[in-house]
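There are 2 protein chains.
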Amino acid sequence: MTILTALTPVLLVVLCLVIGFMLVKTQEAKTIKSSPGKSQDLGPMTQQDSRDDPETSPGVDEDCDYTDSIEDEEDHPQVPYSQPCYPEDVMLKRSRDFYTLLNQRRTIRFISSKPVPREIIDNIIRTAGTAPSGAHTEPWTFVVVSDAAVKHQIREIVEKEEMINYQQRMGYKWVKDLSKLRTNWIKQYLDDAPYLILIFRQTYGILPNGQKKTHYYSEISISISCGILLAALQNVGLVTVTSTPLNCGLQLRLLLKRPANEKLVMLLPLGYPASDATVPDLKRKPLEDMMVYI
Amino acid sequence: MTILTALTPVLLVVLCLVIGFMLVKTQEAKTIKSSPGKSQDLGPMTQQDSRDDPETSPGVDEDCDYTDSIEDEEDHPQVPYSQPCYPEDVMLKRSRDFYTLLNQRRTIRFISSKPVPREIIDNIIRTAGTAPSGAHTEPWTFVVVSDAAVKHQIREIVEKEEMINYQQRMGYKWVKDLSKLRTNWIKQYLDDAPYLILIFRQTYGILPNGQKKTHYYSEISISISCGILLAALQNVGLVTVTSTPLNCGLQLRLLLKRPANEKLVMLLPLGYPASDATVPDLKRKPLEDMMVYI
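One line per chain: the protein sequences are W and B, in this order. Mapping the first sequence onto my numbering, position 111 (from 1) lands on 111, and the numbers just tick up by one. In my numbering, each residue carries its 1-based index in the second sequence increased by 1000.
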């Protein structure tokens, strides 16, 4: 009885501390989500405001390859800029032709094992590397694999995780047609394609003094680079599957001996389309369904 | 005394419930982070594994425009695929020329107000719309603004937030050179450029029956689309700044009357470069610094 009597105030105090801890943690979570800096008075902005903003690494720099950011220790002098300039009728024709070319691009899962000259791949990677990036950090590593044994190891890792994905992790609504699902995790193209490109994102860089270098907007930068890479592929008549392998990032990083600051983002098998390649009969949205003009 | 005695077991029970609730919430947070489905046995995977994986909306579908996913209620028949095929020497030349073209692309903050024919912009948007997307959801809305008053309103919103950003939200290391910073939040090009393109991401779609439609990998899809858009711009000799405006997503969404499921991702002013345009004297990484060959 006496013990019970003594326990009550103790339990009350413990309970208050636990509730207080929960409230603090909830508040921290909200704070981290809605602002990049230390203390933030967002004014009249509501929770919805922060949900409307890009969910990217918060960066000072809103321009992707904004280069004279104060983050750079040395100034970069400004130099005049010039590039090819076309008459309007030439611009119009070029814009039509480029659209025609890119509109033929499709995701192709049937890739020929016919070799592709290495120099073409080099030029495609160089082209991808011209993408803008946060504070010109160029946070990409393109791992190009042509070794058959390594390709096969990659295939095994990816297929195993995909199978687990479908069987264990997907919600019930996905387990409707097992035969159809089985096809989904077989990735023959990972063996067939003459090259696999694995795009790694450098989550941070290393400065000459050994300190970490922030890589702003690295996720956006990597994907923009991938878009340019796809255009470069289409330009030479090669095909790919733009895939983001789930749950095998670490295994692939270790297999390819990439450092801990690199995260696998995309896996693209490259090659000529197989002669019997097929695609789903899909249509793209017309302009009026994706553009609003003001 | 009697009340205190009676309270002890009650407080004990309440305390256990609160602690149990906290544990459940913590477990849910870990679960959501590491896998898309319901219950997940990740096997020997460690916390680092999940950090190695793409931080994108978890989707069943790892291929960006994987279209015959079980998510699609109707089957899409397979049709033969064909596209232009070039001899190797032509491929090589095309790859070199495309790299030369894209390597000239820079972020340009000095944009001429010279008008650009509307049809060219339409073709550029169509081209961006050829990007792959998760389960072929095409989760993009391109808002193209040429109205001078609306452009000015956009400029005011963006500049105000940028100024607050620099003054309040940046860490101390950013407040080194105020005069330099002041330049950073003045966006003259938002008034000068004949067009502003605001790319909105549809976080989810709406099915004919009114239900929500999941948009897998929408963040990656939008950025890939942006990469293709940048290539299309460079192809016709137009320039832009690839910017991701911070903290003004809601204001801009409301200004442009976009629905709640759309989030602003990027803002690109388009036009010819100004005759006196300059760029920082930067170099891009050589191939050996961004590519690993296996």
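We put the CB at the ideal spot given by N, CA and C, even for glycine.
Expected contact under 8 angstroms - CB spacing of residue i and residue j to nearest Å
i: Y99 of chain W; j: T1214 of chain B; result: The Cβ separation is near 29 angstroms, so there is no contact.
i: A1277 of chain B; j: Y81 of chain W; result: 4 angstroms
i: A131 of chain W; j: G1227 of chain B; result: 6 angstroms
i: V1079 of chain B; j: Y1195 of chain B; result: At roughly 36 angstroms, the Cβ-Cβ gap does not stay under 8 angstroms, so V1079 of chain B and Y1195 of chain B are not in contact.
i: S133 of chain W; j: I1120 of chain B; result: The pair is not a contact, with the Cβ atoms about 26 angstroms apart (cut-off 8 angstroms).
i: R1118 of chain B; j: Q1234 of chain B; result: No, R1118 of chain B and Q1234 of chain B are not in contact; Cβ-Cβ is about 19 angstroms, not under 8 angstroms.
i: V14 of chain W; j: L1015 of chain B; result: 6 angstroms
Whether residue i touches residue j by CB criterion (9 angstroms)
i: I1197 of chain B; j: P1269 of chain B; result: yes
i: N1123 of chain B; j: A1232 of chain B; result: yes
i: L1011 of chain B; j: L17 of chain W; result: no
i: S218 of chain W; j: I199 of chain W; result: no
i: G1205 of chain B; j: M290 of chain W; result: no
i: V1144 of chain B; j: I1125 of chain B; result: yes
i: V267 of chain W; j: V158 of chain W; result: Note that residue 267 of chain W corresponds to Leu in the displayed sequence, not to Val. A contact, by the Cβ cut-off of 9 angstroms.
i: K285 of chain W; j: E1262 of chain B; result: no
i: L256 of chain W; j: I1154 of chain B; result: no
i: M22 of chain W; j: M1022 of chain B; result: yes
i: N1103 of chain B; j: N1165 of chain B; result: no
i: A1148 of chain B; j: D1097 of chain B; result: no
i: V1292 of chain B; j: R258 of chain W; result: yes
i: L1254 of chain B; j: T8 of chain W; result: no
Reference residue i, options the options, closest by Cα
i: V1279 of chain B; options: W:I19, W:Q234, W:Q83, W:L190; result: W:Q83
i: T203 of chain W; options: W:E161, W:G210, W:T141; result: W:T141
i: H1152 of chain B; options: B:A1006, B:K1187, B:K1283, B:G1134; result: B:K1187
i: I1111 of chain B; options: B:L1282, B:A1148, B:M1266, B:S1275; result: B:S1275
i: T240 of chain W; options: W:E159, W:Q104, W:I108; result: W:I108
i: S223 of chain W; options: W:S243, W:K285, W:Q234; result: W:S243
i: M1091 of chain B; options: W:A135, W:Y272, W:I19, W:R284; result: W:Y272
i: H136 of chain W; options: W:D191, W:E156, W:S221; result: W:S221
i: K160 of chain W; options: W:P9, W:W185, W:I19; result: W:W185
i: E156 of chain W; options: W:Q167, W:D89, W:L252, W:G20; result: W:L252
i: S146 of chain W; options: W:S113, W:A6, W:E288; result: W:S113
i: L101 of chain W; options: W:L250, W:L230, W:L287, W:E288; result: W:L230
i: K212 of chain W; options: W:L250, W:A260, W:Q167, W:E288; result: W:A260
Residues that residue i bridges to, as DSSP identifies them
i: F1200 of chain B; result: B:T1141, B:L1264
i: P1080 of chain B; result: W:T278
i: Y189 of chain W; result: None, per the DSSP bridge assignment.
i: I111 of chain W; result: W:P273
i: Y195 of chain W; result: W:L270
For residue i, the three-state DSSP class (helix, strand or coil)
i: M1290 of chain B; result: coil
i: G205 of chain W; result: strand
i: L270 of chain W; result: strand
i: K1093 of chain B; result: helix
i: Y99 of chain W; result: helix
i: I70 of chain W; result: Note on I70 of chain W: pLDDT 29, under 50, position unreliable in the model; the coordinate value appears next. In this structure, I70 of chain W counts as coil in the three-state DSSP scheme.
i: V239 of chain W; result: strand
i: T1214 of chain B; result: strand
i: R1105 of chain B; result: coil
i: T127 of chain W; result: helix
i: A1247 of chain B; result: It is Asn, not Ala, that sits at residue 1247 of chain B in the sequence shown. DSSP places N1247 of chain B in coil when its eight states are reduced to three.
i: V116 of chain W; result: coil
i: L256 of chain W; result: coil
i: R284 of chain W; result: coil
i: L1007 of chain B; result: helix
i: S225 of chain W; result: helix
i: D1147 of chain B; result: coil
i: C16 of chain W; result: helix
i: Y1166 of chain B; result: helix
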